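Visitor: Have a look at this one.
Dropping the structure here:
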């Protein structure tokens, strides 16, 4: 019994913790792997949709990773991509239906982008690269980690775009209440358009690489 | 390694399980979703007469302010009246009418293919003693359907407010039709000229200043970069309002 116990890895071993912390910074799906950019540009004009999108991706990726990890030994390799797609697609449809029922306004704002979680490369990427070869628990951690890595970038980008573009934070008119408009300050309408999301993501990548020199490629 | 048989059985079982899960979820969640759609429709109708409402009070405000739901046929006769939660005439509720089906019927009716007349919904609203007429709209934008409501004053000519919504117009361009700055332009515009001819309201590319002085009251500025959506709004207003002309003429002459 004892030997069997010591063989088992503790739930939060260093290796398992790395699965969560790596995607947050040095292996971030958006800023380092540059995946999932499309939705990062599309849903970050306001904080609320970005937040809901993040929650949705966290749910889909974590659950899909666990399901695929559970099924990994039964999935015939020839149809594995189809199996992964079906798992993702069903989860996304579930998320979409739940949003339509309980968060109708947000689901209208997110419109097609919830459906497009299916095509988010981060999810397929993690299923294929990690969940197909690992046990459910590490797969779950990996899914949560990567989804959080995606989520925090989305939230940061949305924070700046909403603050500078609409002068609000989560719909609260902070700039107006601080009285900036009286001093001649104007919202920058350009921040609302998708190109600015790219620039904000670019700035995050810049700061990240400045602080973590390992990420800079050799010339 | 895996036989074809295994693969076939595997995929069939998986598809059946997934189908079962999804259809159960769809059935369980449907009542909630329908309620949301209904509330959104009510909020839209109320917004066109500038009544602010929220999810929580939409139903109450609706029954307070919308004093009658009427259904009109192409001849301008009222064929159905729904008041105070009961029918006074006919058995069609304007609120339940699906504009898309009616427009299809209209096309076939005009072509002489079917005998059944299309029904046009009309909402009559009482706000602080004033009567307003709300007409729902449905048309085509650039990428998908656009819809909305237009509210007329009791002269059935002057616009008091509009709402527009769209499924998938380009953000920042065509999608601007659902924003306030575009919609407030319609306030005070008129759909008939002084001689009583129907002019509709045109969304004018280049701005209303392009029009001769006397036509400016029948036009609003289009959206830069959203030409096709703007044209779509013009067409939608013309096509939908046209159907109410017989009714409006009758009401005014009485």
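Residue numbers (the working numbering), protein chains in the order written: chain A, 35 to 253; chain X, 19 to 272. We treat Cβ as the ideally placed atom computed from N, Cα and C, and that holds for glycine. All values derive from a computational prediction rather than experimental measurement.
Three or more C-beta pairs closer than 8 Å, one from the stretch 208 to 223 of chain A and one from the stretch 78 to 98 of chain A: is that the case here?
Guide: no
Visitor: What does residue 341 of chain A touch in chain X if you count any residue whose Cβ is under 8 Å from its own?
Guide: Residue 341 of chain A is absent from the model: chain A starts at 35 and stops at 253.
Visitor: Quick check on residue 212 of chain X: buried or exposed, where buried means 16 or more other Cβ atoms within 10 Å of its Cβ?
Guide: exposed
Visitor: State yes or no: is the C-beta of residue 123 of chain X within less than 9 Å of the C-beta of residue 136 of chain X?
Guide: yes
Visitor: Does the beta carbon of residue 113 of chain A sit closer than 9 Å to a beta carbon anywhere in chain X?
Guide: yes
Visitor: Return the first residue and the last residue of the alpha helix (DSSP H) that residue 55 of chain A is part of.
Guide: 48 to 58
Visitor: Please confirm if the stretch 137 to 144 of chain X is in contact with the stretch 105 to 114 of chain X, defined as three or more CB-CB distances below 8 Å between the two stretches.
Guide: yes
Visitor: What's the call for residue 65 of chain A, buried or exposed, on a 16-neighbour Cβ count within 10 Å?
Guide: buried
Visitor: For residue 271 of chain X, count neighbouring C-beta atoms within 10 Å of its own C-beta (all shown protein chains included) and say buried if the count is 16 or more, exposed if not.
Guide: Exposed is the call here.
Visitor: Does residue 110 of chain A come within less than 9 Å of chain X when only Cβ atoms are used?
Guide: yes
Visitor: Report yes or no: is there a C-beta of chain A within less than 9 Å of the C-beta of residue 249 of chain X?
Guide: no
Visitor: For a cutoff of 9 Å on Cβ pairs, would you count residue 128 of chain A as touching chain X?
Guide: yes
Visitor: Quick one: Cα of residue 168 of chain X to Cα of residue 159 of chain X, how far?
Guide: 17 Å
Visitor: Exposed or buried, which one is residue 70 of chain A when buried takes at least 16 other CB atoms within 10 Å?
Guide: buried
Visitor: Report whether the distance from the Cβ of residue 180 of chain A to the nearest heavy atom of the ligand PLP is below 8 Å.
Guide: This structure does not include the ligand PLP; it has no bound ligands of any sort.
Visitor: Skipping 5 residues on each side, what residues in its chain have a beta carbon closer than 6 Å to that of residue 243 of chain X?
Guide: Only 191 meet the Cβ criterion.
Visitor: Using the rule of at least 16 other Cβ atoms within 10 Å of the residue's Cβ for burial, across every protein chain shown, is residue 195 of chain A buried or exposed?
Guide: buried
Visitor: Please name the residue or residues paired with residue 167 of chain X in a DSSP beta bridge.
Guide: Looking at the DSSP output, residue 167 of chain X bridges to X/154, X/181.
Visitor: I'd like to confirm the pairing. Which residues does DSSP put opposite residue 143 of chain X in its beta bridges?
Guide: According to DSSP, residue 143 of chain X bridges with X/84, X/150.
Visitor: For residue 89 of chain X, which of helix, strand or coil comes out of DSSP?
Guide: strand
Visitor: Applying a beta-carbon distance threshold of less than 8 Å, which residues of chain A neighbour residue 39 of chain X?
Guide: By Cβ distance, chain A contributes 124, 128.
Visitor: So with CB distances below 9 Å, who are the chain X contacts of residue 250 of chain A?
Guide: Within chain X, no residue comes near residue 250 of chain A; the closest Cβ sits about 35 Å away, beyond 9 Å.
Visitor: Taking 9 Å as the CB-CB limit, is residue 142 of chain A close to chain X?
Guide: yes
Visitor: Residue 98 of chain X lies in the beta strand (DSSP E); which residues open and close that run?
Guide: 96 to 101
Visitor: Determine whether the beta carbon atoms of residue 57 of chain X and residue 138 of chain A lie at a separation below 9 Å.
Guide: yes
Visitor: Is there contact between the stretch 176 to 189 of chain A and the stretch 45 to 62 of chain A, where contact requires at least three CB pairs shorter than 8 Å?
Guide: Enough Cβ pairs lie closer than 8 Å, so yes.
Visitor: What does a CB cutoff of less than 7 Å around residue 265 of chain X pick up in its chain, not counting 5 residues either side in sequence?
Guide: Taken in chain order, the residues that qualify are 90, 94.
Visitor: Just the Cα atoms here: how many angstroms apart are residue 228 of chain X and residue 241 of chain A?
Guide: 51 Å
Visitor: So with CB distances below 7 Å, who are the chain A contacts of residue 235 of chain X?
Guide: Per Cβ cutoff of 7 Å: no residues; residue 235 of chain X is ~30 Å from chain A at best.
Visitor: Could you check where the beta strand (DSSP E) with residue 107 of chain X kicks off and where it finishes?
Guide: 104 to 107
Visitor: Among the residues of its own chain, which have a CB less than 6 Å from the CB of residue 36 of chain X, if the five just before and after it don't count?
Guide: none
Visitor: So with CB distances below 9 Å, who are the chain X contacts of residue 120 of chain A?
Guide: Ordered by position in chain X, the residues that pass the 9 Å Cβ test against residue 120 of chain A are 29, 32, 33, 36.
Visitor: So that I know if they touch, is there some Cβ in chain X lying closer than 9 Å to that of residue 131 of chain A?
Guide: It does; some Cβ of chain X falls within 9 Å.
Visitor: Do you know offhand how far residue 55 of chain A's Cα is from residue 179 of chain A's?
Guide: 7 Å
Visitor: Since residue 117 of chain A meets chain X, which of its residues come closer than 9 Å, beta carbon to beta carbon?
Guide: 28, 29, 32
Visitor: Just to make sure I have the definition right: I need the residues of chain A whose C-beta is within less than 8 Å of the C-beta of residue 47 of chain X. Which are they?
Guide: 131, 132, 134, 135
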